[in-house]
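Have a look at the structure below before the remarks.
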Amino acid sequence: MKTFFLSLLVIITITVKSQEITREKIDIVEIGNGILENGKAVIKCQKCDNPENYVVSLTEITQPLELFISEKNNYSFTVESKISMNGKFDFIVYKKTTVTISNSK
């Protein structure tokens with residue numbers, strides 16, 4: 248019986264030591280500001296390599312503009328307002344990556 252539990256403990260220890268943990272990591276990759284002209288602005292983004300892996304946060308400056316992202320691609324994103332307005336805004340681009348951490352020793 249002791250041999251069984253000792254073998255089970257060894258198997259559990261080996262399994263725990265060789266686990267891999269997968270996590271999503273969020274990094275700020277670009278911060279800037281833009282100018283909306285006639286309700287539209289195209290912002291070039293050097294580190295926006297996959298539209299599914301980045302998120303843009305917008306903040307209007309001085310006046311409410313009702314901003315939204317109308318398009319994202321590998322090189323830029325387009326900001327528009329609900330009505331054609333002029334104005335300024337700040338933006339932060341967050342990039343999501345998956346990181347695998349190996350726990351093996």
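Residues in the sequence shown are numbered from 248 upward in steps of one, following the numbering used here.
Backbone N, C-alpha and C fix where the C-beta goes; we use that ideal spot for every residue, glycine too.
From a predicted model like this one, the values you see are computed outputs, not experimental measurements.
### Message
Suppose you measure from the CA of residue 285 to the CA of residue 345; what does that come to, to the nearest Å?
### Response
Here residue 285 is taken as the residue at index 38 of the sequence shown, counted from 1. Here residue 345 is taken as the residue at index 98 of the sequence shown, counted from 1. The straight-line gap from Cα to Cα measures roughly 38 Å.
### Task
Quick one: measure Cβ to Cβ for residue 321 and residue 297, integer angstroms, because I've assumed they're closer than 8 Å.
Position 74 of the sequence shown, counting from 1, holds the residue named residue 321. Position 50 of the sequence shown, counting from 1, holds the residue named residue 297. Their Cβ separation, rounded to whole angstroms, is 7 Å, which keeps residue 321 and residue 297 in contact under 8 Å.
### Query
Exposed or buried, what is residue 289 when buried is set at 16 or more other beta-carbons lying within 10 Å of its beta-carbon?
For the purposes of this step, residue 289 is identified with residue 42 of the sequence shown, where counting begins at 1. Exposed is the call here.
### Query
Which same chain residues, not among the five before or five after residue 279, have their C-beta less than 8 Å away from its C-beta?
Residue numbering aside, residue 279 sits at position 32 when the sequence shown is read from its first letter. Taken in chain order, the residues that qualify are 290, 337, 338.
### Secondary structure of residue 313, DSSP reduced to three states
Sequence index remark: in the sequence shown, residue 313 carries index 66 (1-based). Reduced to three states, the DSSP call for residue 313 is coil.
### Query
By the 10 Å Cβ neighbour count, where 16 or more other Cβ atoms means buried, how is residue 324 classified, buried or exposed?
In the sequence shown, the residue the question calls residue 324 occupies position 77. Buried: at least 16 other Cβ atoms inside 10 Å.
### Selection from 306, 347, 271 that minimises the alpha carbon distance to residue 328
By one-based count along the sequence shown, residue 328 stands at place 81. Checked all of 306, 347, 271; the closest Cα to residue 328 is 306.
### Query
Shortest alpha-carbon distance to residue 314 belongs to which of 283, 341, 343, 293?
Position 67 of the sequence shown, counted from the first residue, corresponds to residue 314. If we check each option's Cα against that of residue 314, 283 comes out closest.
### Message
By the three-class DSSP mapping on this structure, what secondary structure does residue 391 have?
### Response
Since the displayed the chain opens at 248 and closes at 352, residue 391 lies outside it and no answer follows.
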